[in-house]
Every structure is written in structure tokens, then in C-alpha cells.
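Notes follow once the structure below has been shown.
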Amino acid sequence: MMLSLSRQTVRQNWRPFAGAFTALACGIVLIALTVSLLGSVAATASQPGATTADLAQLDELGAMFGFMAAVSLFMAMFVVSSTFGFVVATRRRELGLLRLVGATPRQVRRLVLGESAVVAVVATVAGCLAATALTPVVLALLRSRGITDLDLQSPSPWAAWAVAAPCGAGVALVGAWRASRRAARVPPVAALHEAAVERRRLSVWQWLIGLCCTAAVVGVLLVATRMEPLFALVTAILLPEVIVIGLMCFGGVLFPALAGLLARPFVGRDVAARLARDHVRTSSRTPAALAAPIVAISSIAGSMIVALSFTADWTTALNREQLAAPLVVEAGAAGVTDLLADDPAVAIADASPPVRLRLGADGETEDVEAVDVAAATTARGLHAVRGDLGDLRGQSLAVSETWVSDSGKDLGDTLPARIDGSDVALRIVAVVADAPDLYGDLLVPAGLVEQELRGLDPALIFVVPRDDVSVADARASIEQRLAGTSSRVLAGDTWIDQVDREARSANDVGLWVLLGPAGLYAGIAIVNAILIGASQRRRQVRVVQLLGATHRQVRRMALWEAGLVGAAALLVGAAVTAFLGWLIRRATTADVTDVGLTMPWLPLTAIAITCALLVVLGALTGGRAMSAGR
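Quick note on numbering: the sequence shown equals residues 1 to 630 in UniProt numbering.
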């Protein structure tokens, strides 16, 4: 009986559930699309004829899509859970009426869960079908944007459906289940209340989760002075999610209070601002529901943008500190290394072409650089922070500090490898400083991989002139010798600047892929939250209009409310971004001297303006509906 009543309630009183349907359907589209992208990488890699370069590119795409899936999953689950809970919580008077006519708490709870299940089923079907239709479009878009030149294959939709449907619908039902427990405790007298006074007290679970998240942030602060740049970067990517969860646990108290403070300069000038301030200060669910997607996307996107910019500053500083070669040659033909070695003006032509080797117990293929230690030490500043590069001979291996942190292996350990058809054990003899643009994470002596090096030509050659030859004369001699090979000879500083520009351009493309779907979903969620809140306030608006408020004042009040909460959420997101930016900056400046500071003002400002415009759009739409009494 309760399930039948749930279906009738959703059909006849669809407005409160439209927002929940939108949030869940779009969330499932987001999750299913990211899973489909991962599936397309696997499907393409399994195609016959895939080259080693294709597989390497697919590995990079898989890592990028995997991170995009994590961000998308967090955004979808976060918004869906809060939206379903918000929709149920705004129906206190209606649920009180059911209790008044004889419904038991258990029946009320079953009714709420049944309504959520009906919406979840419809939204899940719609979201899965939409994601399947959009997958080929997204794959074509990735290719047209230059993210990949591979023809990614569309995977079977079943895997995406199997992941997206239970994740989205399950989170929706969990959010509704939490709200249904509160709904079951609604007393019958709530149906007679002329106004609903929202509870501002935090629940036990909110306190526990919020304090755990706060403890995590405090722990990061305590170790900030000893944090390595790599760990700081990882923290800047993962910690925003923890902070956002903690903030939303306290959101029912934090955002009304902060919005009230922001309204203080305006309440004496506009009666609509005063009404909006009073409503926001006495509410908890509506401000928290609106702030949730704004805080989430501004914190996550802002932190990631700042992290990538500051990391580019760090790697550029590493390049400037270590690069000793005054000239860098970008080889445009085969045999360039031999031509440089025969040039009388050249003392060192340092090149280390990467080779693909199977490493580790699982036999995964990795890029390994074959180095001449003496040449790399002179030209690229290669040096060991632990161990001795003089021992890099025979079956040995040098690794970067980053690789040590990632792999868990250290100096003296061995790494299984397959070289020239034979299984060998490479002993780690040195740990070298990080310099990702100058050399890779894994270095082996050139003599160990002579067979694999045959036919390979390096893309970059670092050139040190002879002592009695000036840099200008050496460059002129090299350009003359390489004439007709389409090779380029660059000054060291020019090459570093070029690498920095290319890295930032690649970061922009990566951010578009990583944050684009989640940002679009956050935008929908922002407008959706405002419209849900507006749809639940028709009775309050009628009272305000009976007291003399005009339609224009009602619309201004809606605009002020959304604007104050949106501004509060953006301030909190900016504070999170600033904190994590400080964390990375502190770690990088402690690691390298003279690190530049490039603030990505344009994308950060674009995020703030976009969120503000969406808030205004939602407020104008909701305000018109409220003033018209719809």
C-alpha cells in the first residue's frame, strides 16, 4: 500500500521530486560516462596492431580518466546524497499531516523511502540511456580537442551501467534513508505549524565526521614544515574532498552565519536584503544545500589549478638549478647524436633515449632511460642524494626520490626486469634528485641495454661546448652541421621556458578533461538547489506578500538570499584553495631556491564568475516562480 501511495505522491506532487530526479539522473550520466571512457581505453588497448607508443598513450589516458572518474564520483555522490536529504527535509508540514490522519512513524518512513525509490529507478534508467548515447560524442570530442590522436573504441555499456546504477541509486537511497529517520519523528502537530523552525543542532554523526575531517587538516598543518613537494601535491589533490565533507557537516551552522555577516552592510539600505538576511540566518537546510556544490567545485577545481601551476613553477626551478648545458638540441632526424659527437666545438653531447622494459613482479612495461653518468652529471646536473652513481654499472639501477615514494622500494633493493630476452635483477645503487624534465624516474647504464637502444634516436640532446669555444660559436657550428635535418638548437634558458609553456598548456587540457564534466554537473546542481528551495517556500512568500511585499521585492529577496549564500560558499572555497596553495608553495620553496610564483588568476576568476552567474540565474528563475505563486 505504501509503495502505491509513494507512486501517487510522486506523480501528483512532482515539483519537489523534479530537482532530486535532475540531480540523480545527471549524476548517473557523469559516473557512467567516466566508466565508459575507462572502458574505451581498455577496448582500444585490446585491439590487434596496437603499437608500443599507442599503449603508452593509452596508459596515460587511463590514468587521467581514472582520476576524472574519482572526481566525478565524489561530486555525484556528494550532491545526490545532499539533494535527496534536502527534498525530504523540506516536507515537514506535509509529513506532519500524514501523521495527523493516522500514519505511523514506520509508514511515514516507508513512504519516504518508496518515493525515493520511484525517483531513483526512473532517474537511473534515464541517466544510463543518456550516458550510452553521449559516449560516442564525448570520444569524438576528445579527439577533436587534441587530447588523443587514437581512435578510441566505444565499449559495451553494461559495465558503465553496472557501476553507475548502484552507485547513484544507492547513494540516493542512503540520503533518503537518513532523512526518513528524521521524517518518522515528525509529530502530528507539525501539520498545524504556520512556520517551520529548522533545527540548528548538529547530529552525532555530523559531529564525529566533521571532527575527523578537522583532525585530518590539523594533522597536515603539523607536518607542513617537513612535507616533500610530491606529498604536498598529492595532499592538495586529495585533501579538498576531506575538507569539503567536514565543512558540509557543519554547513547548517557555518553558511547561515557567514551569509548573515556578509549581509550586514546592506540590510539598512534594502528591505529585501533584510528579509533575505533574516531568512538565511534562521534556515539551515537551504543554505547548506545551495553551498554544497559551490564549495565542492570551487575547492576541488581551485586547489587543482593552483597545485598544477605551482608544480610547474617548481619543475621550472629544478630545471634552472640543475641544467648546466648551455645548448639543447631538439633532434629532427636520425643520426643527430653522431653528428654532434663529430663536431670539434662540442665537448659533451648528452642524450639518454628511453627504452621500454618489463619491470617488477607483474611485468609491467615502463620507460627507462639509458644514461652515460659522466655526461649526464656534467650536462644535466645528475647527482645522487643517497647512494653512489659511480656504482651505476652492470645490472644496476638509479631511481628518483619520487619513484622511491611511489614504489616503496629503496636503496639496496632489487627490481626484476627482462632485458634482451633474459630475466635479471636490477639493484638500486643510487637515489637521484627529482628533475622530471631533465631525466626520468628510472636510469640504467647504457651498456646494459645496448640491444634495446639499436635504432632508437633521442629527442633531446644536451650540449656542452669545449672550454676554448664560446657558446655562440658552438651554436653556429652545430646549426651548420645540422642544416637540412629540421633539428632545432636552443639556448638552455629558452628550452626551459618552452618546456614550461608546454607543461602549462598540457595542464590546461588535462584540467578541461578532469574538471569539465564535474564542473558541468556542479553548475546544474547549483541551479537545481536554488529551484528546489524556491519551490518549498510558496507559503512563506504568500505571507510576505500579504504583509505588503511587491513582486519585485520578492524577486530581489530571492536574489539576495542566493547571492549571500553563494558568496559565503565562494569565500570558503577560496579559503580552502589558499590554504592548499600555501601548503604546496611552502614545500616547493623549501626544496628549491628561487622558485617563481605564477598565480592562475584567469581560471580561478572564471570559476568564481561562473558560479556567481549560475547563482543569479537560479535566483532569478526561482524568484519569478515564487512571486507568481507557482
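Virtual Cβ for every residue (Gly too), placed ideally from N, Cα, C. Being a predicted model, the structure only gives us computed values, none of them experimental.
### Query
Should cysteine 212 be labelled buried (16 or more other beta-carbon atoms within 10 Å of its own) or exposed?
Residue mapping note: residue 212 aligns to position 212 of the sequence shown, counting from 1. Within a 10 Å sphere around the beta-carbon of cysteine 212 sit fewer than 16 other beta-carbons, which makes this residue exposed.
Would you be able to state if there are at least three C-beta pairs under 8 angstroms between the stretch 292-312 and the stretch 562-578?
-> Under the three-pair Cβ rule at 8 angstroms, the stretch 562-578 counts as touching the stretch 292-312.
Have a look at leucine 208 and alanine 518 and give me their C-alpha separation to the nearest angstrom. Numbered from its first residue, the sequence shown carries residue 208 at position 208. Numbered from its first residue, the sequence shown carries residue 518 at position 518. Computed Cα separation, rounded: 28 angstroms.
| query | Are the CB atoms of alanine 568 and leucine 202 nearer to each other than 8 angstroms? | reply | As a working note, residue 568 is residue 568 in the sequence shown. As a working note, residue 202 is residue 202 in the sequence shown. It is not a contact, given that the beta carbons lie outside the stated cut-off.
Worksheet item: Is serine 400 helix, strand or coil by DSSP?
Response: As a working mapping, residue 400 is identified with position 400 in the sequence shown. Correct three-state label for serine 400: strand.
DSSP three-state assignment for arginine 630, whether helix, strand or coil
Along the sequence shown, one-based indexing puts residue 630 at 630. Low confidence applies to arginine 630: its pLDDT is 48, below 50, so where it sits in the model is not reliable, and the reading given next is rough at best. Correct three-state label for arginine 630: coil.
Cut-off 7 angstroms between Cβ atoms - residues of its own chain near isoleucine 31, not counting five sequence neighbours on either side
Translated into the one-based positions of the sequence shown, residue 31 becomes position 31. Result list for isoleucine 31: Ser72, Leu73, Ala76, Val163, Ala164, Cys167 and Gly168, in chain order.
So for glutamate 502, helix, strand or coil by DSSP?
The residue you call residue 502 lines up with position 502 of the sequence shown. In the three-state scheme derived from DSSP, where H, G and I count as helix and E and B as strand, glutamate 502 is classed as helix.
Next on the checklist: Measuring CB atoms only, is the stretch 344-353 touching the stretch 487-503, in the sense that at least three cross pairs come out at less than 8 angstroms?
Outcome noted: no
Quick one: what's got a C-beta closer than 7 angstroms to leucine 238's C-beta in the same chain, skipping five residues either side? Translated into positions along the sequence shown, residue 238 becomes position 238. If you ignore the 5 residues before and after leucine 238, its C-beta comes within less than 7 angstroms of no other C-beta in its own chain.
> Can you tell me whether proline 603 is buried or exposed, with buried defined as 16 or more other CB within 10 angstroms of its CB?
Replying inline: On the sequence shown, residue 603 is found 603 positions in, with the first residue counted as 1. So proline 603 counts as buried.
_Going by DSSP in three states, serine 156 sits in which element: helix, strand or coil?_
Along the sequence shown, one-based indexing puts residue 156 at 156. Three-state result, serine 156: coil.
* To do: Identify whether phenylalanine 250 lies in helix, strand or coil by the three-state DSSP scheme.
  => Numbered from its first residue, the sequence shown carries residue 250 at position 250. Reduced to three states, the DSSP call for phenylalanine 250 is coil.
If we count Cβ pairs, one from each stretch, closer than 8 angstroms, do we get three or more for the stretch 435-444 versus the stretch 368-382? yes
query: Counting Cβ pairs closer than 8 angstroms, one from the stretch 307-324 and one from the stretch 585-593, do we hit at least three?
result: yes
Discussion item. To the nearest angstrom, how far is the alpha carbon of serine 477 from that of methionine 599?
Written reply: Looking up residue 477 in the sequence shown gives position 477. Looking up residue 599 in the sequence shown gives position 599. Straight-line Cα distance between these residues: approximately 40 angstroms.
Check your understanding: What's the C-alpha gap between alanine 70 and tyrosine 521?
Key -> Residue 70 sits at position 70 when you count from the first residue of the sequence shown. Residue 521 sits at position 521 when you count from the first residue of the sequence shown. One C-alpha to the other measures close to 14 angstroms.
Check your understanding: Among all the DSSP beta bridges, which residues are the ones paired with proline 445?
Key -> Indexing the sequence shown from 1 puts residue 445 at position 445. Residue pairing from DSSP places proline 445 in a beta bridge opposite Val371.
Through-space distance from glutamate 561 to leucine 620, alpha-carbon basis = Residue numbering aside, residue 620 sits at position 620 when the sequence shown is read from its first letter. Residue numbering aside, residue 561 sits at position 561 when the sequence shown is read from its first letter. Near 11 angstroms, if we compare the C-alpha coordinates of glutamate 561 and leucine 620.
Inset, instruction - Round the Cβ separation of glutamine 153 and threonine 44 to the nearest angstrom and send it over; I've been treating them as touching at under 8 angstroms. - result: For the purposes of this step, residue 153 is identified with residue 153 of the sequence shown, where counting begins at 1. For the purposes of this step, residue 44 is identified with residue 44 of the sequence shown, where counting begins at 1. Right, the Cβ-Cβ distance comes to about 5 angstroms (below 8 angstroms), so this counts as a contact.
Taking 8 angstroms as the cut-off, decide whether the C-beta atoms of valine 80 and glycine 127 are in contact.
-> Here residue 80 refers to the residue found at position 80 when the sequence shown is read from its first residue. Here residue 127 refers to the residue found at position 127 when the sequence shown is read from its first residue. Not in contact: valine 80 and glycine 127 (Cβ atoms no closer than 8 angstroms).
| request: Taking the CB atoms as reference points, tell me whether alanine 159 and valine 29 lie closer together than 8 angstroms. | output: Here residue 159 corresponds to residue number 159 of the sequence shown, with the count starting at 1. Here residue 29 corresponds to residue number 29 of the sequence shown, with the count starting at 1. In this structure, valine 29 does not lie closer than 8 angstroms to alanine 159 by Cβ.
Judging by CA-CA distance, which residue of Thr148, Leu38 and Met227 is the nearest neighbour of residue 631? Because the chain is modelled from 1 through 630, residue 631 falls outside the range shown and cannot be assessed.
- Task: Tell whether a beta-carbon distance below 8 angstroms holds between alanine 430 and aspartate 388.
- Result: Stepping through the sequence shown from its first residue, residue 430 is reached at position 430. Stepping through the sequence shown from its first residue, residue 388 is reached at position 388. Contact flag set, yes.
Check your understanding: Are three or more beta carbon pairs between the stretch 402-416 and the stretch 443-453 nearer than 8 angstroms?
Key -> no
Can you tell me where the alpha helix (DSSP H) holding leucine 323 begins and where it ends? To locate residue 323, count along the sequence shown from 1; it is residue 323. Counting along the chain, leucine 323 sits inside no alpha helix (DSSP H), nor does DSSP assign it H or E at all.
Just to confirm before moving on: does the CB-CB distance between alanine 334 and aspartate 420 stay below 8 angstroms? Against the sequence shown, residue 334 aligns to sequence position 334. Against the sequence shown, residue 420 aligns to sequence position 420. It is not a contact, given that the beta carbons lie outside the stated cut-off.
**OP:** Report the option in Ala224, Ile607, Leu617 and Val616 whose CA atom is closest to the CA atom of valine 306.
**Re:** Numbered from 1 along the sequence shown, position 306 holds the residue referred to as residue 306. With distances taken between Cα atoms, valine 306 lies closest to Ile607.
- Item | Member of Leu583, Ile530, Val119 and Val489 whose CA lies at the smallest distance from the CA of threonine 225 | Along the sequence shown, read from residue 1 onward, the residue named residue 225 stands at position 225. Closest by alpha carbon: Leu583.
query: Alpha carbon to alpha carbon, what distance is there between proline 155 and glycine 170?
result: The residue you call residue 170 lines up with position 170 of the sequence shown. The residue you call residue 155 lines up with position 155 of the sequence shown. Rounded to the nearest angstrom, the two C-alpha atoms are 24 angstroms apart.
| Could you check where the beta strand (DSSP E) with residue 636 kicks off and where it finishes? | A query on residue 636 cannot be resolved here, the shown segment of the chain reaching from 1 to 630 and no further.
**Message:** Suppose contacts are defined by Cβ-Cβ distances below 8 angstroms. Is glutamate 401 in contact with aspartate 434 by that definition?
**Reply:** Translated into the one-based positions of the sequence shown, residue 401 becomes position 401. Translated into the one-based positions of the sequence shown, residue 434 becomes position 434. Cβ distance < 8 angstroms, so glutamate 401 and aspartate 434 count as in contact.
**Prompt:** Smallest Cα separation from leucine 24: which of Val122, Arg110 and Val424?
**Reply:** One-based indexing of the sequence shown puts residue 24 at position 24. Per the Cα distances, Val122.
In whole angstroms, what separates the C-alpha of alanine 374 from that of aspartate 313?
Looking up residue 374 in the sequence shown gives position 374. Looking up residue 313 in the sequence shown gives position 313. So the two alpha carbons sit approximately 28 angstroms from each other.
*Where does arginine 110 land, buried or exposed, given buried means 16+ other C-beta within 10 angstroms?*
Against the sequence shown, residue 110 aligns to sequence position 110. Classification for arginine 110: buried.
Residue range of the alpha helix (DSSP H) that includes leucine 142:
Here residue 142 is taken as the residue at index 142 of the sequence shown, counted from 1. Per DSSP, leucine 142 belongs to the alpha helix (DSSP H) from 105-144.
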